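Position in the sequence shown (first residue = 1) + 8 = the working numbering. Every residue, glycine too, gets a C-beta built ideally from N, C-alpha and C. In this text the structure is predicted, and so the values were computed from the model without any measurement.
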Amino acid sequence: MNLLKYYNPNVKQLTNHESAFEYFQWILKQYDFTVSHVNYQSKGRHKIYHCIKDEKEISIYVKYDKEWFHSFNHQFPEFIKQHPEYSGFGESINVEYLSFAVNNNIDFVVFVNKEGEIYQIQAKELHEFCKKYKLYRSQNRTFNYKLTNFTGEREEQIEQTYSFPLNILTNWINVWKQNSRKEEFL
9 MNLLKYYNPN VKQLTNHESA FEYFQWILKQ YDFTVSHVNY QSKGRHKIYH
59 CIKDEKEISI YVKYDKEWFH SFNHQFPEFI KQHPEYSGFG ESINVEYLSF
109 AVNNNIDFVV FVNKEGEIYQ IQAKELHEFC KKYKLYRSQN RTFNYKLTNF
159 TGEREEQIEQ TYSFPLNILT NWINVWKQNS RKEEFL
């Protein structure tokens, strides 16, 4: 379910991580989450939302990607051959960021794309799945990132990522809509 039309009728796509974070924060409010604080992660490209929902503390690691990982089947042909039920699009997260989420007891990892689709999985469950099936890869290109120390310096990295099939994720809206006051979204 895409809620962009409710968020802002003039927004057809989320163009960058900041627009995705604003959209996700709006979604949280619609589903009665109270955001207690937000931390930036991954050189500002990801955020961790610390929320309260029904008197329970929930931490959510949010990652934005314009598009899902279209070449997942080609990157992991043996996995798909053994597990054809996982064929299709995939998603990726850097090994260090998922490890951070698990080691810091983050409840959910959430993925938002440019269309406003939102999917989630428990951080530990995602980590266990990727390790179990050895869905690890080293990017074949170097990424150049601006450091967040306000010096303007940049750093180059070859990213190590876990990749996984999109169909292990759950649609975020479907999970939380049962507790929403916002009937127009149901």
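What does DSSP give as the partner residues of residue i in its beta bridges?
i: N18; result: Paired residues: none, contrary to the question.
i: Y124; result: One detail in the question is off: residue 124 reads as Gly in this sequence, not Tyr. Partner(s): none; G124 has no beta bridge.
i: Y48; result: K55
i: S146; result: Q168
i: T178; result: Q128
i: T42; result: I60
Among the options, which one has its Cα closest to the Cα of residue i?
i: I101; options: W180, I129, K89; result: I129
i: Y15; options: H25, T23, E26, F32; result: F32
i: E30; options: E63, E65, S67, K71; result: K71
i: E65; options: D73, D115, Y170; result: D115
i: S107; options: K132, D62, K74, F119; result: K132
i: I181; options: Q38, E86, D73; result: Q38
Taking just the CA atoms, how far does residue j sit from residue i?
i: L155; j: E125; result: Low local confidence applies: a pLDDT of 48 at L155 is under 50, so the model's placement there is unreliable, with the coordinate-based value given in what follows. Distance between the alpha carbons of L155 and E125 is about 29 Å.
i: S146; j: Q83; result: 11 Å
i: W184; j: I88; result: 30 Å
i: Y141; j: S44; result: 36 Å
i: G98; j: L174; result: 4 Å
i: N196; j: Q90; result: Here the chain covers residues 9 to 194 and nothing more, so residue 196 does not appear.
i: V117; j: P92; result: 24 Å
i: F80; j: S171; result: 8 Å
i: E110; j: L143; result: Note on identity: in this sequence residue 110 is Val, with Glu being the wrong assignment. Looking at the two C-alpha atoms, the distance is approximately 17 Å.
Any chance the CB of residue i is under 8 Å from a heavy atom of the ligand HEM?
i: S107; result: In the structure shown, the ligand HEM is absent, as is every other ligand, since no ligand is present at all.
Cβ of residue i within 9 Å of Cβ of residue j?
i: L12; j: E123; result: yes
i: H54; j: H25; result: yes
i: K74; j: N121; result: yes
i: V127; j: L177; result: Checking the sequence shown, residue 127 turns out to be Tyr, not Val. A contact, by the Cβ cut-off of 9 Å.
Please give the ranges of any alpha helix (DSSP H) in the region 51 to 134, keeping only runs that are unbroken, at least 4 residues long and fully inside the region. 80 to 83, 85 to 90, 103 to 111
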